[in-house]
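Participant:
There are 4 protein chains.
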Amino acid sequence: MAFRTQVPVRFGDVDHAGIVYYPKFFIYFHEAFEDFFDENGVAYHALLNQRHVGFPTVHIETDYKQPLRYGDALDIEVSVPKVGARSAVFRYVGFRHRDGLHACRAEITCACVDMQSFQAMSIPDDLRALFTRFQS
Amino acid sequence: MAFRTQVPVRFGDVDHAGIVYYPKFFIYFHEAFEDFFDENGVAYHALLNQRHVGFPTVHIETDYKQPLRYGDALDIEVSVPKVGARSAVFRYVGFRHRDGLHACRAEITCACVDMQSFQAMSIPDDLRALFTRFQS
Amino acid sequence: MAFRTQVPVRFGDVDHAGIVYYPKFFIYFHEAFEDFFDENGVAYHALLNQRHVGFPTVHIETDYKQPLRYGDALDIEVSVPKVGARSAVFRYVGFRHRDGLHACRAEITCACVDMQSFQAMSIPDDLRALFTRFQS
Amino acid sequence: MAFRTQVPVRFGDVDHAGIVYYPKFFIYFHEAFEDFFDENGVAYHALLNQRHVGFPTVHIETDYKQPLRYGDALDIEVSVPKVGARSAVFRYVGFRHRDGLHACRAEITCACVDMQSFQAMSIPDDLRALFTRFQS
Chain U
-14 MAFRTQVPVR FGDVDHAGIV YYPKFFIYFH EAFEDFFDEN GVAYHALLNQ RHVGFPTVHI
46 ETDYKQPLRY GDALDIEVSV PKVGARSAVF RYVGFRHRDG LHACRAEITC ACVDMQSFQA
106 MSIPDDLRAL FTRFQS
Chain L
-14 MAFRTQVPVR FGDVDHAGIV YYPKFFIYFH EAFEDFFDEN GVAYHALLNQ RHVGFPTVHI
46 ETDYKQPLRY GDALDIEVSV PKVGARSAVF RYVGFRHRDG LHACRAEITC ACVDMQSFQA
106 MSIPDDLRAL FTRFQS
Chain D
-14 MAFRTQVPVR FGDVDHAGIV YYPKFFIYFH EAFEDFFDEN GVAYHALLNQ RHVGFPTVHI
46 ETDYKQPLRY GDALDIEVSV PKVGARSAVF RYVGFRHRDG LHACRAEITC ACVDMQSFQA
106 MSIPDDLRAL FTRFQS
Chain F
-14 MAFRTQVPVR FGDVDHAGIV YYPKFFIYFH EAFEDFFDEN GVAYHALLNQ RHVGFPTVHI
46 ETDYKQPLRY GDALDIEVSV PKVGARSAVF RYVGFRHRDG LHACRAEITC ACVDMQSFQA
106 MSIPDDLRAL FTRFQS
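Residue numbers (the working numbering), protein chains in the order written: chain U, -14 to 121; chain L, -14 to 121; chain D, -14 to 121; chain F, -14 to 121.
(1) Which residue wins for smallest C-alpha separation from V43 of chain D, given the options D:H1, D:Q101 and D:F75?
(2) Please name the residue or residues paired with E16 of chain L in a DSSP beta bridge.
(3) A2 of chain L versus chain D: which residues are under 8 Å apart at the beta carbon?
(4) Does the region 90 to 101 of chain D come within contact of the region 51 to 59 of chain D, defined as at least 3 CB pairs closer than 8 Å?
(5) Using the rule of at least 16 other Cβ atoms within 10 Å of the residue's Cβ for burial, across every protein chain shown, is E24 of chain U buried or exposed?
(6) Does the Cβ-Cβ distance between Q101 of chain U and H37 of chain U come in under 7 Å?
(7) Could you give the residue range of the beta strand (DSSP E) that holds A73 of chain F?
(8) Run through the DSSP bridge pairs and tell me what Q104 of chain L is partnered with.
(9) Could you tell me whether any Cβ in chain U is nearer than 7 Å to the Cβ of V(-1) of chain L?
(10) List, in chain order, every chain D residue whose beta-carbon is nearer than 7 Å to that of P109 of chain F.
(11) Does any CB atom of chain D fall closer than 7 Å to the CB of F14 of chain U?
(12) In three-state terms, what does DSSP make of L53 of chain F?
(13) At 8 Å on the CB atoms, spell out the chain F contacts of P8 of chain D, in chain order.
(14) Is it true that the CB of Q35 of chain L sits closer than 7 Å to the CB of R88 of chain L?
(15) Between F47 of chain F and chain U, is there a C-beta pair that is closer than 7 Å?
(16) Measuring straight from C-alpha to C-alpha, what distance separates K67 of chain D and G(-3) of chain U?
(17) Drop a sphere of 10 angstroms on the beta-carbon of T117 of chain L, count the other beta-carbons inside from all chains shown, and report buried for 16 or more, exposed for fewer.
(18) Counting only beta-carbon separations shorter than 7 Å, does Y55 of chain U have a partner in chain D?
(19) If you draw a straight line from the C-alpha of Q122 of chain D to the C-alpha of E46 of chain L, how long is it?
(20) Is the beta carbon of Y49 of chain L closer than 7 Å to that of V63 of chain L?
(21) Could you spell out the range, first to last residue, of the alpha helix (DSSP H) harbouring P31 of chain U?
(22) By the three-class DSSP mapping on this structure, what secondary structure does A2 of chain D have?
(23) Are any of the Cβ atoms in chain L nearer than 7 Å to that of H44 of chain D?
(24) Between which two residues does the alpha helix (DSSP H) holding L168 of chain F run?
(25) Can you confirm whether the region 9 to 16 of chain F touches the region -2 to 8 of chain U when touching is taken to mean that 3 or more C-beta pairs between the two stretches lie within less than 8 Å?
(26) How many angstroms separate the CA atom of L33 of chain U from the CA atom of M106 of chain F?
(27) Can you name, in chain order, every residue of its own chain whose Cβ lies under 8 Å from the Cβ of V98 of chain U, other than the five neighbours on each side?
(28) Tell me which same chain residues have a C-beta within less than 7 Å of the C-beta of P(-7) of chain F, skipping the five on either side of it?
(29) What did DSSP end up calling P(-7) of chain U once you bin it into helix, strand or coil?
(30) Just the C-alpha distance for I108 of chain U and S121 of chain F, rounded to the nearest angstrom, thanks.
(31) Within this structure, are the beta carbons of F21 of chain U and F(-12) of chain U separated by less than 7 Å?
(32) So for P8 of chain L, helix, strand or coil by DSSP?
(33) Measuring only the C-alpha atoms, how far is Y124 of chain L from G85 of chain F?
(34) Here's the rule I'm using: 16 or more other beta-carbon atoms within 10 Å means buried, otherwise exposed. How should R71 of chain L be labelled?
(35) Would you identify the three-state DSSP class for D23 of chain F, choosing helix, strand or coil?
(36) Report the option in L:I61, L:V65 and L:A73 whose CA atom is closest to the CA atom of H82 of chain L.
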C-alpha cells in the first residue's frame, strides 16, 4: 500500500532552463514525507517538538525521468520498503499529473534520531507500525 | 558610509519568466545583512547563538527598478539610516554589476529581540556603535 | 470582496531562529497570487505562456505582526485595492490559522508587462474586470 | 585533479531542526557545478544562452555524514569520474570547513542536452576536454 499526495509546481520552482530545478524535487519529497505523517495521525511538527524524534536524511538515490514545468503537478506515492532498527527507507514515486508519465523516483534513507542529543535511536513502536503498513 | 558586498545570481534564482524571482532579492538582502555583521567583526551566528540577540524583520519597503538574469551579479550597499532604541532601519541599494544600473532599493526595519524570550530589547552598545558608523 | 486561500508552513520554511524566514512570506504571497488567478478561471501559467502577459513586482510594502512556526498555516486574503492603466496593487492580509491573529500584511504593486518584449502594457479587459471584482 | 570551491551556510539554509535542510545541499552542489564551469573558462550562463548546451540531472546518489549549521562553510571538491558520449558523472565531496570532517558526497549524472530541442546530444569537444582534466 502506498500513501498518495500531490504537490503543485509553483511559478518560482522552475530554473533558468524553464523546468523544475532539480533540488526542488527534494522539497516536494519532504512535503510528501510531512503529509505522510500528518495525514496518518502523527503530526510531524509535534513528533519533533514534543517527542523530539526526527528523521534526518543519510542516503539518497534518485532518478529523473520527465521534466516538470510551471502549471504541472506531481502525484507522489510514498511507501517504506525497508524498516530497520534505527533507520528506514522511504520511497517516492512521482508521476506528472497531466499525462500520468513516470517523472521521478527516489529512495531516501533516514536515521531515527533523538533531536535533543542528535544520537541515533530505535524507531518507536507506533511509528514502526505506521511504516510497516506502507512497506509493500 | 555604506558597507559594500556582492551577490551572484545563481542558476536556480530565476523564475518561469527568466528573471530573478522577486522573493530572492530578500535572500540577497539578508546575505548582505549577514556579511555586514560578519565583515565588521560581529559574527552574526555567534550573536544569535551566544548572545541570543537577533533582528527579526517588522517592516519592508522595496522598489524594483531593473530585472536581473542568470549570470548577473548584484552590488549591494548597506547602510543604517535610522537607529532607534529597540529597532533599526537597514537600507539596501542594489546595482546590476554588468552595467551599474540601479536595480533595487529596500528599507527594512528590524526589531532588536532577545531570541530566548522573543521580547524586544535595547540595541546593545557595541551594535549601536556599529550601526551608527554606517548611518549616513 | 477578498479571495481567500491558505498556505501551510513547511519544515524547510523556518530559519535558524525557528520562525518562518521572512523572504518565504513573499513566496506565500506569490502562491496566493497564483491561486487568485487559477481559482478565478485564469490559469496563470497559460496567461504567461499563451497570452504572454505577466505581472512583475515593482514596489512592496509589508508589515510583519506575528511569527509563524513549523506546523502553522497562514490564511491569506487577497484583494486588489488599486487598478491602474498599466499596473495594479495587490493586497495580502495574513492570519495565523491556529489563533486567527493578524500575522502580516503586504501591498505589492505589479506592472502589467508583455513578457515577450518586457514592455509595460495596458491591463487586458478580462483581467481588469477580475481585479475590479476584488477591489474593495 | 579536483576543482575546489567553498559555499557558506546562510541563515536561511537551516531547517526546523537547526541543521542545513538536506535539499539545500543540492543547491550547494549546483553552485559548485556553476563555479566549476565559470572558473575554468566556460561561463555556464553563456553555455546555456548562446550555445544552448545544458546538463540536466538524470540520476543522483548522495551520502550525508555530518550535519552543517549556520556559521559553517562547506568545502567542495568537484571531479568528473565518468565521461560518456552523451552524459557525465559529477562527483562532489564535501568537508565541513571548521573541522575538516567529511560531511557529504554525491555522484550526479547529467545528460548533455540541446536546450532548444531538449534532445540528448554529444558532449562538445571542449567540454569533454575540460571534464577529462578533472576525471581522476
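All C-beta atoms, glycine included, are put in the ideal place defined by N, C-alpha and C.
Facilitator: Let me spell this out:
(1) Taking the first residue of the third sequence as position 1, residue 43 of chain D is located at position 58. Taking the Cα of V43 of chain D as reference, the smallest distance to any Cα among D:H1, D:Q101 and D:F75 is reached at D:F75.
(2) In the second sequence, residue 16 of chain L corresponds to position 31, counting from 1. Residue pairing by DSSP leaves E16 of chain L without any beta bridge partner.
(3) If you number the second sequence from 1, residue 2 of chain L lands on position 17. For A2 of chain L, the chain D residues whose C-beta falls within less than 8 Å of its own C-beta are L33, G39, P41 and M100, listed in chain order.
(4) Judged by Cβ distances under 8 Å, the region 90 to 101 of chain D makes no contact with the region 51 to 59 of chain D, as fewer than three pairs qualify.
(5) Position 39 of the first sequence, counted from the start, is the residue given in the question as residue 24 of chain U. Burial is judged here by how many other beta carbons sit within 10 angstroms of a residue's own beta carbon; E24 of chain U has fewer than 16 and is exposed.
(6) Working through the first sequence from its first residue, we reach residue 101 of chain U at position 116. Working through the first sequence from its first residue, we reach residue 37 of chain U at position 52. Closer than 7 Å, so yes.
(7) On the fourth sequence, residue 73 of chain F is found 88 positions in, with the first residue counted as 1. Here the beta strand (DSSP E) through A73 of chain F covers S72 to R81.
(8) For the purposes of this step, residue 104 of chain L is taken as residue 119 along the second sequence, with counting starting at 1. According to DSSP, which records beta bridges pairwise, Q104 of chain L is partnered with L:D99.
(9) Stepping through the second sequence from its first residue, residue -1 of chain L is reached at position 14. So, interface residue.
(10) Numbered from 1 along the fourth sequence, position 124 holds the residue referred to as residue 109 of chain F. Here the premise fails: no neighbours, minimum Cβ distance about 30 Å.
(11) Translated into positions along the first sequence, residue 14 of chain U becomes position 29. Chain D places no beta carbon closer than 7 Å to that of F14 of chain U, leaving this residue out of the contacts.
(12) As a working mapping, residue 53 of chain F is identified with position 68 in the fourth sequence. L53 of chain F: coil per DSSP, three-state reduction.
(13) By 1-based counting over the third sequence, the position of residue 8 of chain D is 23. Correct list: G(-3).
(14) Residue mapping note: residue 88 of chain L aligns to position 103 of the second sequence, counting from 1. Residue mapping note: residue 35 of chain L aligns to position 50 of the second sequence, counting from 1. Contrary to the premise, residue 88 of chain L reads as Ala rather than Arg in this sequence. Their beta carbons are not under 7 Å apart, which means A88 of chain L does not touch Q35 of chain L by this criterion.
(15) Taking the fourth sequence and counting its residues from 1, one reaches residue 47 of chain F at position 62. A small correction: the amino acid at residue 47 of chain F is Thr; Phe does not occupy that position in the sequence shown. Between T47 of chain F and chain U, the shortest Cβ-Cβ separation is below 7 Å.
(16) Position 82 of the third sequence, counting from 1, holds the residue named residue 67 of chain D. Position 12 of the first sequence, counting from 1, holds the residue named residue -3 of chain U. One alpha carbon belongs to K67 of chain D, the other to G(-3) of chain U, and they sit about 25 Å apart.
(17) Here residue 117 of chain L corresponds to residue number 132 of the second sequence, with the count starting at 1. Exposed, since its Cβ has fewer than 16 Cβ neighbours within 10 Å.
(18) The sequence position of residue 55 of chain U within the first sequence is 70, counting from 1. So, interface residue.
(19) Since the displayed chain D opens at -14 and closes at 121, residue 122 of chain D lies outside it and no answer follows.
(20) Along the second sequence, read from residue 1 onward, the residue named residue 63 of chain L stands at position 78. Along the second sequence, read from residue 1 onward, the residue named residue 49 of chain L stands at position 64. In this structure, Y49 of chain L does not lie closer than 7 Å to V63 of chain L by Cβ.
(21) Sequence index remark: in the first sequence, residue 31 of chain U carries index 46 (1-based). Checking the sequence, you will find Ala at residue 31 of chain U rather than Pro. A31 of chain U -> alpha helix (DSSP H) spans Y29 to N34.
(22) Within the third sequence, residue 2 of chain D is the residue found at index 17, counting from 1. Note: A2 of chain D maps to coil in three-state DSSP.
(23) Position 59 of the third sequence, counting from 1, holds the residue named residue 44 of chain D. For H44 of chain D, the answer is yes, since a Cβ of chain L falls inside 7 Å of its Cβ.
(24) Only positions -14 to 121 of chain F appear in this structure, which leaves residue 168 of chain F out of reach.
(25) Touching, yes.
(26) As a position in the first sequence, residue 33 of chain U is number 48, starting the count at 1. As a position in the fourth sequence, residue 106 of chain F is number 121, starting the count at 1. The alpha-carbon atoms of L33 of chain U and M106 of chain F are separated by roughly 46 Å.
(27) Along the first sequence, one-based indexing puts residue 98 of chain U at 113. Close CB contacts of V98 of chain U within its chain, under the 8 Å cut and outside five residues either way in sequence, are with V38, G39, F40, P41, Q104, A105 and M106 (chain order).
(28) On the fourth sequence, position 8 is the one that residue -7 of chain F refers to. Counting only Cβ-Cβ distances below 7 Å, and skipping sequence neighbours, we find A58.
(29) Position 8 of the first sequence, counting from 1, holds the residue named residue -7 of chain U. The answer is strand: DSSP assigns P(-7) of chain U an E or B state.
(30) Here residue 108 of chain U refers to the residue found at position 123 of the first sequence. Here residue 121 of chain F refers to the residue found at position 136 of the fourth sequence. For I108 of chain U and S121 of chain F, the gap between their C-alpha atoms comes out near 40 Å.
(31) What you label residue 21 of chain U is simply residue 36 of the first sequence in a count that begins at 1. What you label residue -12 of chain U is simply residue 3 of the first sequence in a count that begins at 1. Pairing F21 of chain U with F(-12) of chain U gives a Cβ-Cβ distance under 7 Å.
(32) Counted from its first residue, the second sequence places residue 8 of chain L at position 23. When secondary structure is reduced to three states using DSSP, P8 of chain L falls in the helix class.
(33) Outside the modelled stretch of chain L, which goes from -14 to 121, sits residue 124 of chain L, for which no answer is possible.
(34) Taking the first residue of the second sequence as 1, we reach residue 71 of chain L at position 86. Classification of R71 of chain L: exposed, given that the 10 Å Cβ count is below 16.
(35) For the purposes of this step, residue 23 of chain F is taken as the residue at position 38 of the fourth sequence. Looking at D23 of chain F - three-state DSSP - the assignment turns out to be helix.
(36) As a working note, residue 82 of chain L is residue 97 in the second sequence. Of L:I61, L:V65 and L:A73, the residue nearest in Cα terms is L:I61.
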